[in-house]
Amino acid sequence: MTMSPTTKPPAESLTLTIDGKDVSCRSGQTILDVARENDIDIPTLCQLDGLTTWGGCRLCLVEIAGSSKLFASCATQCTEGMNITTQSDRLLNYRRMILEMLFSERNHICAVCVSNGHCELQSMAQKLGVTHIHLPYRYPKLTVDSSQDRFRLDHNRCILCSRCVRVCGEIEGAHTKDLKGRGIKTFVINDLDQPWADAKSCTTCGKCVHVCPVGALTERGTAVSEMAKRRAFLPYLTSMREH
Amino acid sequence: MSKTITIDGVTRIEGHARITIDLNDQGRVHDAKFHVTQFRGFEKFVEGRPLTEMPSVMARICGICPVSHLMASAKACDELLSVEIPPTAANLRRVMNLAQLVQSHALSFFHLSSPDLLYGFDADPATRNIFGLINTHPEFAKDGILLRKFGQEIIQILGGKKIHPAWVVPGGVSEPLTAERREKIIAGIPDALDRAKRAATWLYSTFEKFPNEEAAFANFPTMFAGLVTPQGNIEHYDGALRFADNTGKLVAEFTNPYQYRDYISEATENFSFLKSPFFKSKGYPDGIYRVGPLARVILAEKCGTPLADAELKRFREKLGRAPASSFHYHWARLIEILHAIEKIGELMNDPDILSPRVRARARPNRNEGVGISEAPRGTLIHHYKIDDQGQMRWANMIIATGNNNLAMNRGVKQVAERFVNGDKLTEGMLNRVEAVIRCFDPCLSCSTHALGQMPMIVELRGPNGELLDEIRRD
Numbered sequence: 125m126t127m128s129p130t131t132k133p134p135a136e137s138l139t140l141t142i143d144g145k146d147v148s149c150r151s152g153q154t155i156l157d158v159a160r161e162n163d164i165d166i167p168t169l170c171q172l173d174g175l176t177t178w179g180g181c182r183l184c185l186v187e188i189a190g191s192s193k194l195f196a197s198c199a200t201q202c203t204e205g206m207n208i209t210t211q212s213d214r215l216l217n218y219r220r221m222i223l224e225m226l227f228s229e230r231n232h233i234c235a236v237c238v239s240n241g242h243c244e245l246q247s248m249a250q251k252l253g254v255t256h257i258h259l260p261y262r263y264p265k266l267t268v269d270s271s272q273d274r275f276r277l278d279h280n281r282c283i284l285c286s287r288c289v290r291v292c293g294e295i296e297g298a299h300t301k302d303l304k305g306r307g308i309k310t311f312v313i314n315d316l317d318q319p320w321a322d323a324k325s326c327t328t329c330g331k332c333v334h335v336c337p338v339g340a341l342t343e344r345g346t347a348v349s350e351m352a353k354r355r356a357f358l359p360y361l362t363s364m365r366e367h
Numbered sequence: 020m021s022k023t024i025t026i027d028g029v030t031r032i033e034g035h036a037r038i039t040i041d042l043n044d045q046g047r048v049h050d051a052k053f054h055v056t057q058f059r060g061f062e063k064f065v066e067g068r069p070l071t072e073m074p075s076v077m078a079r080i081c082g083i084c085p086v087s088h089l090m091a092s093a094k095a096c097d098e099l100l101s102v103e104i105p106p107t108a109a110n111l112r113r114v115m116n117l118a119q120l121v122q123s124h125a126l127s128f129f130h131l132s133s134p135d136l137l138y139g140f141d142a143d144p145a146t147r148n149i150f151g152l153i154n155t156h157p158e159f160a161k162d163g164i165l166l167r168k169f170g171q172e173i174i175q176i177l178g179g180k181k182i183h184p185a186w187v188v189p190g191g192v193s194e195p196l197t198a199e200r201r202e203k204i205i206a207g208i209p210d211a212l213d214r215a216k217r218a219a220t221w222l223y224s225t226f227e228k229f230p231n232e233e234a235a236f237a238n239f240p241t242m243f244a245g246l247v248t249p250q251g252n253i254e255h256y257d258g259a260l261r262f263a264d265n266t267g268k269l270v271a272e273f274t275n276p277y278q279y280r281d282y283i284s285e286a287t288e289n290f291s292f293l294k295s296p297f298f299k300s301k302g303y304p305d306g307i308y309r310v311g312p313l314a315r316v317i318l319a320e321k322c323g324t325p326l327a328d329a330e331l332k333r334f335r336e337k338l339g340r341a342p343a344s345s346f347h348y349h350w351a352r353l354i355e356i357l358h359a360i361e362k363i364g365e366l367m368n369d370p371d372i373l374s375p376r377v378r379a380r381a382r383p384n385r386n387e388g389v390g391i392s393e394a395p396r397g398t399l400i401h402h403y404k405i406d407d408q409g410q411m412r413w414a415n416m417i418i419a420t421g422n423n424n425l426a427m428n429r430g431v432k433q434v435a436e437r438f439v440n441g442d443k444l445t446e447g448m449l450n451r452v453e454a455v456i457r458c459f460d461p462c463l464s465c466s467t468h469a470l471g472q473m474p475m476i477v478e479l480r481g482p483n484g485e486l487l488d489e490i491r492r493d
């Protein structure tokens with residue numbers, strides 16, 4: 125690694141506590157970064173190393189002493205003397221509730237999903253002990269876009285994490301994908317909300333498919349349980365660009 | 020003074036059903052009907068989904084015979100891709116289909132039907148079940164349980180899990196067989212054959228004890244339908260669909276699966292959610308035909324494996340080429356278990372079975388596909404239409420049990436006429452009405468309620484609603 129000749133002020137060193145453990149970090153680091161550096165696990169879904177922070181899934185919420193609010197650890201920078209709790213009954217309840225809402229919002233039928241066994245939503249639910257969905261399922265009638273030659277967009281499985289939007293714009297530089305609408309009516313779109321096959325800006329690189337945590341973006345021709353995602357490219361591409 | 024007796028639900032079958040028996044003024048049976056009371060909706064809710072998901076989605080129709088739906092669905096999908104799947108893939112699918120046949124037939128024979136044969140149809144229902152069997156005939160019960168295990172484990176060895184494996188995919192199977200897993204399958208064969216032989220010997224010594232049941236359990240002339248090999252032998256995965264008359268004489272045969280529409284029509288009745296397919300040219304309901312183990316052993320020239328052929332010979336010596344009584348489904352089922360185990364052994368010893376070429380990859384190349392295979396209960400047809408992007412637009416399925424619907428209805432009436440007397444109901448009478456249904460081993464829900472001892476109340480009421488008689492099974 126070569127240092128840039130234009131000198132930045134040296135990062136201030138901070139000390140703080142996460143789950144009772146004294147840790148140190150540089151100013152500007154997020155709570156999530158520091159927790160991971162110290163082998164403290166905080167669940168995430170929308171976050172992906174190499175992409176900008178989104179803060180949308182809210183699974184990484186943590187408690188900070190002195191505040192009754194919860195903070196998204198991926199988007200909150202550490203400050204001196206912070207006392208952070210990443211695991212509590214309250215947090216676990218919220219995290220489970222978030223997952224239950226994701227499951228009930230669209231049609232997540234794990235058993236017959238191409239991503240069954242390779243799905244981050246599914247494995248997160250297992251990890252956090254979600255055994256039942258206490259909310260009524262909405263069963264919305266959603267479309268599947270199979271117009272693209274190699275890939276498929278199944279809105280039934282989408283959790284709106286926006287990883288596809290970010291990788292397309294930030295890494296591939298195409299910005300084919302974006303989100304339309306608000307709230308529960310938000311959808312991933314291609315170009316100006318066209319069938320994927322008609323989206324001229326798409327380079328068919330497939331990065332969106334492989335960063336998608338669920339079975340929303342998949343390769344065509346995959347049968348149930350066959351859609352394992354390959355993510356190794358992302359840290360490689362990111363570090364190539366940084367240096 | 021007409022009355023209606025209702026058997027709700029029918030026990031020791033797979034799924035939910037109700038039987039009603041209408042009595043006339045003299046207290047004799049006027050009519051009887053078999054009502055399938057559940058609705059599934061698969062044909063509708065798959066619309067819009069990618070075809071590549073179909074085998075696994077359709078397998079969810081059933082927890083007992085998911086493999087059957089995997090086969091018919093995957094074959095329909097192979098058609099949509101316009102591929103000929105590698106021979107090894109076809110043979111591996113065959114093995115899984117036969118393993119499923121063994122476990123399902125064992126469930127039907129040992130767990131659901133044998134208590135009637137062992138204890139008699141009038142025995143106490145508290146012990147006339149698999150648990151009674153375990154107490155009084157532990158070795159016999161063990162044979163049934165271990166035969167199921169044999170079949171289920173092969174499904175797991177091949178597909179990764181016993182129920183709803185995702186291994187059967189459009190174009191073949193997702194993973195080849197390894198030598199180690201082949202050895203595991205082969206190792207179980209001798210023991211399974213011993214158990215199947217023992218059951219066949221026992222049934223041979225027993226079935227003549229039930230002349231009344233034999234005479235009245237859906238004993239009437241019908242056509243028969245099922246797959247056969249090019250040599251006319253028994254077949255469960257792929258072959259020509261043959262129709263024969265009540266004597267076993269060939270009526271029609273076709274190899275192009277799309278032609279099923281030229282021969283079969285489906286009628287609906289307002290008393291049941293199960294459609295009634297019939298042989299088109301004979302009209303409804305005269306076009307009644309039966310499918311399943313009895314039909315298959317009647318249609319086939321032979322099985323093509325030594326032990327099963329020996330048993331088939333014994334069957335024909337006793338009963339002739341085409342016995343009319345559905346009571347003999349039980350025997351046919353045991354012949355098929357023997358055949359399936361032998362055939363699995365044969366396929367496992369094929370040197371090409373370990374070939375890594377097990378999947379033909381292609382895009383959708385056709386908008387319509389039909390797959391026909393033999394489920395344990397009979398001929399199963401999946402018919403799909405897709406759009407140019409490979410998404411389902413339409414599906415029609417004729418489920419094995421549906422093919423037998425007309426025969427089951429007529430059988431219920433026949434056995435009720437023979438055994439039910441409106442003056443005084445006995446549990447044994449009604450058990451026989453249920454038992455005729457069990458002969459067909461219907462998979463109604465295709466649910467996992469394999470051993471439902473559902474509460475059943477049968478009330479016999481007079482014209483003014485007064486309770487004349489009641490039987491409870493709470």
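For the record, the sequence lines run as chains H and P. Counting the first sequence from 1 gives a position; this note's numbering is that position plus 124. Counting the second sequence from 1 gives a position; this note's numbering is that position plus 19. Each residue gets a CB set at the ideal place from its N, CA and C atoms; glycine is no exception. These figures come from a predicted structure and were not determined experimentally.
Q) Does the region 139–150 of chain P come within contact of the region 201–213 of chain P, defined as at least 3 CB pairs closer than 8 Å? A) No: the two stretches stay apart, fewer than three of their Cβ pairs being nearer than 8 Å.
- Message: Which of the three DSSP states is assigned to P/Phe-459 in this structure?
- Response: Residue 459 of chain P sits at position 440 when you count from the first residue of the second sequence. Coil.
task: Output the distance between the C-alpha atoms of P/Thr-25 and P/Asp-50, rounded to the nearest integer angstrom.
output: Position 6 of the second sequence holds residue 25 of chain P. Position 31 of the second sequence holds residue 50 of chain P. When only Cα atoms are considered, P/Thr-25 and P/Asp-50 end up about 12 Å apart.
Q.
Can you tell me whether P/Thr-71 is helix, strand or coil according to DSSP?
A. On the second sequence, residue 71 of chain P is found 52 positions in, with the first residue counted as 1. Looking at P/Thr-71 - three-state DSSP - the assignment turns out to be helix.
For this session: Taking C-beta pairs closer than 8 Å, name the residues in chain P that H/Ala-235 reaches, listed in chain order.
Result: Taking the first sequence and counting its residues from 1, the one referred to as residue 235 of chain H is at position 111. Chain-order list of chain P residues neighbouring H/Ala-235: Ser-75, Arg-79, His-183, by C-beta distance under 8 Å.
Practice task
Taking only beta-carbon positions, decide if P/Pro-304 is within less than 8 Å of chain H.
Solution key: Here residue 304 of chain P is taken as the residue at index 285 of the second sequence, counted from 1. Cβ-Cβ to chain H under 8 Å: no for P/Pro-304.
What residues from chain H crowd round P/Gly-67, counting only those whose CB sits closer than 8 Å?
Taking the first residue of the second sequence as 1, we reach residue 67 of chain P at position 48. Near P/Gly-67 (Cβ distances below 8 Å), the residues of chain H are Thr-267, Val-268.
With three or more beta-carbon pairs closer than 8 Å as the criterion, would you say the region 228–248 of chain P touches the region 337–346 of chain P? Short answer: they touch.
Original post:
Shortest alpha-carbon distance to P/Phe-169 belongs to which of P/Tyr-348, P/Thr-324, P/Gln-122?
Top reply: Position 150 of the second sequence, counted from the first residue, corresponds to residue 169 of chain P. Out of P/Tyr-348, P/Thr-324, P/Gln-122, P/Gln-122 has the C-alpha closest to the C-alpha of P/Phe-169.
* **Below-8 Å beta-carbon distance, P/Arg-429 vs any chain H residue** => Indexing the second sequence from 1 puts residue 429 of chain P at position 410. Contact with chain H is absent for P/Arg-429, since none of that chain's Cβ atoms lies less than 8 Å from the residue's Cβ.
> Can you list, in chain order, the residues of its chain whose CB lies under 7 Å from that of H/Gly-305, leaving out five sequence neighbours each side?
Replying inline: Within the first sequence, residue 305 of chain H is the residue found at index 181, counting from 1. Cβ neighbours of H/Gly-305 beyond the five flanking positions: Phe-311.
| Residue environment, H/Ala-235, which counts as buried when at least 16 other CB atoms sit within 10 Å | Here residue 235 of chain H refers to the residue found at position 111 when the first sequence is read from its first residue. The residue is exposed, with fewer than 16 neighbouring Cβ atoms inside 10 Å.
Q | Buried versus exposed call for P/Glu-227 [16 or more other C-beta atoms within 10 Å across all chains shown] | A | In the second sequence, residue 227 of chain P corresponds to position 208, counting from 1. It is exposed - the Cβ of P/Glu-227 has fewer than 16 other Cβ atoms within 10 Å.
**Q.** P/Gly-364 beta carbon less than 8 Å from that of P/Ile-174
**A.** By 1-based counting over the second sequence, the position of residue 174 of chain P is 155. By 1-based counting over the second sequence, the position of residue 364 of chain P is 345. No. Outside cutoff.
- Give me the Cβ distance between P/Ile-400 and P/Ile-391, rounded to the nearest whole Å; I'm assuming they're in contact under 8 Å. For this step, residue 400 of chain P is matched to residue 381 along the second sequence. For this step, residue 391 of chain P is matched to residue 372 along the second sequence. Yes, they are in contact, since the Cβ atoms of P/Ile-400 and P/Ile-391 sit about 5 Å apart, within 8 Å.
Q) Which of helix, strand or coil does DSSP assign to H/Cys-149? A) The sequence position of residue 149 of chain H within the first sequence is 25, counting from 1. It is a strand residue.
*May I have the straight-line CA-CA distance separating H/Pro-260 from H/Ser-228, to the nearest angstrom?*
The residue given as residue 260 of chain H occupies position 136 in the first sequence. The residue given as residue 228 of chain H occupies position 104 in the first sequence. The alpha-carbon atoms of H/Pro-260 and H/Ser-228 are separated by roughly 7 Å.
Report task. Give me the Cα-Cα distance between H/Lys-331 and H/Ala-135, rounded to the nearest whole angstrom. Result -> The sequence position of residue 331 of chain H within the first sequence is 207, counting from 1. The sequence position of residue 135 of chain H within the first sequence is 11, counting from 1. Straight-line Cα distance between these residues: approximately 33 Å.
**Message:** Quick check on P/Gly-178: buried or exposed, where buried means 16 or more other Cβ atoms within 10 Å of its Cβ?
**Reply:** Counting from 1 along the second sequence, the entry for residue 178 of chain P is found at position 159. Buried is the label assigned to P/Gly-178, since at least 16 other Cβ atoms lie within 10 Å of its Cβ.
Where P/Tyr-277 falls, given that 16 or more other Cβ within 10 Å makes a residue buried = On the second sequence, position 258 is the one that residue 277 of chain P refers to. Label assigned to P/Tyr-277: exposed.
| P/Gly-191 and P/Leu-100 closer than 8 Å at C-beta | Counting from 1 along the second sequence, the entry for residue 191 of chain P is found at position 172. Counting from 1 along the second sequence, the entry for residue 100 of chain P is found at position 81. No, the Cβ-Cβ distance between P/Gly-191 and P/Leu-100 is not below 8 Å.
Where H/Glu-366 falls, given that 16 or more other Cβ within 10 Å makes a residue buried: For the purposes of this step, residue 366 of chain H is taken as residue 242 along the first sequence, with counting starting at 1. The residue is exposed, with fewer than 16 neighbouring Cβ atoms inside 10 Å.
Minimum C-alpha distance to H/Thr-200 - residue among H/Ser-192, H/Gln-211, H/Ile-188 = The residue labelled residue 200 of chain H in the question sits at position 76 within the first sequence. Closest option to H/Thr-200, Cα to Cα, is H/Ile-188.
8 Å Cβ cutoff met for P/Val-496 and P/Ala-379: Chain P is shown from 20 up to 493; residue 496 of chain P falls before or after that span and cannot be answered.
Please identify, using Cβ separations under 8 Å, the residues of the region 333–360 of chain H that lie next to chain P, in order along the chain. Per Cβ criterion, the list reads Arg-344, Gly-345, Thr-346, Ala-347, Val-348, Ser-349, Glu-350.
Please confirm whether H/Val-312 has its beta-carbon closer than 8 Å to some beta-carbon of chain P. If you number the first sequence from 1, residue 312 of chain H lands on position 188. No, its Cβ sits nowhere closer than 8 Å to a Cβ of chain P.
Next item on the list: Could you pull out every residue in the same chain whose Cβ sits closer than 7 Å to the Cβ of P/Gly-67, ignoring the five residues on either side in sequence?
Entry: In the second sequence, residue 67 of chain P corresponds to position 48, counting from 1. Answer for P/Gly-67: Gln-410, Met-411, listed in chain order.
Margin query: Which same chain residues end up closer than 6 Å to P/Pro-375 when comparing Cβ atoms and leaving out the 5 residues on each side of it in sequence?
Written below: As a working note, residue 375 of chain P is residue 356 in the second sequence. Leaving aside the five residues that flank P/Pro-375 on each side, the residues in its chain whose CB is nearer than 6 Å to its CB run, in chain order, Pro-195.
Could you pull out every unbroken alpha helix (DSSP H) segment of at least 4 residues lying fully inside the region 145–198 of chain H, listed in chain order?
Within the region 145–198 of chain H, the alpha helix (DSSP H) runs of at least 4 residues that lie entirely inside it are, in chain order, 155–161.
- If I'm right that P/Ser-87 touches P/Arg-352 with Cβ under 8 Å, what's the distance once you round it to whole angstroms? Position 68 of the second sequence, counted from the start, is the residue given in the question as residue 87 of chain P. Position 333 of the second sequence, counted from the start, is the residue given in the question as residue 352 of chain P. In this structure P/Ser-87 is not in contact with P/Arg-352, their Cβ atoms being roughly 15 Å apart against a cut-off of 8 Å.
query = How big is the Cα-Cα spacing for H/Gly-271 and P/Asn-238?
reply = Here residue 271 of chain H refers to the residue found at position 147 when the first sequence is read from its first residue. Here residue 238 of chain P refers to the residue found at position 219 when the second sequence is read from its first residue. The question names Gly, yet the displayed sequence has Ser at residue 271 of chain H. In this structure, the alpha-carbon of H/Ser-271 lies about 55 Å from that of P/Asn-238.
For H/Leu-277, which of helix, strand or coil comes out of DSSP?
Reading the first sequence from its first residue, position 153 is the one you call residue 277 of chain H. Of the three classes helix, strand and coil, the one that applies to H/Leu-277 here is strand, per DSSP.
Note to self: Measuring only the C-alpha atoms, how far is H/Thr-342 from H/Cys-329?
What the structure shows: Indexing the first sequence from 1 puts residue 342 of chain H at position 218. Indexing the first sequence from 1 puts residue 329 of chain H at position 205. Their Cα atoms are separated by approximately 13 Å.
May I have the straight-line CA-CA distance separating H/Lys-353 from P/Pro-312, to the nearest angstrom? Stepping through the first sequence from its first residue, residue 353 of chain H is reached at position 229. Stepping through the second sequence from its first residue, residue 312 of chain P is reached at position 293. Their Cα atoms are separated by approximately 44 Å.
So, does the region 293–301 of chain P touch the region 419–436 of chain P, judging by three or more C-beta pairs under 8 Å? They touch, by the three-pair rule.
So H/Arg-230 and H/Pro-264 are in contact, right, with Cβ under 8 Å, and what is the actual spacing, rounded?
What you label residue 230 of chain H is simply residue 106 of the first sequence in a count that begins at 1. What you label residue 264 of chain H is simply residue 140 of the first sequence in a count that begins at 1. H/Arg-230 to H/Pro-264, Cβ: 6 Å. Contact.
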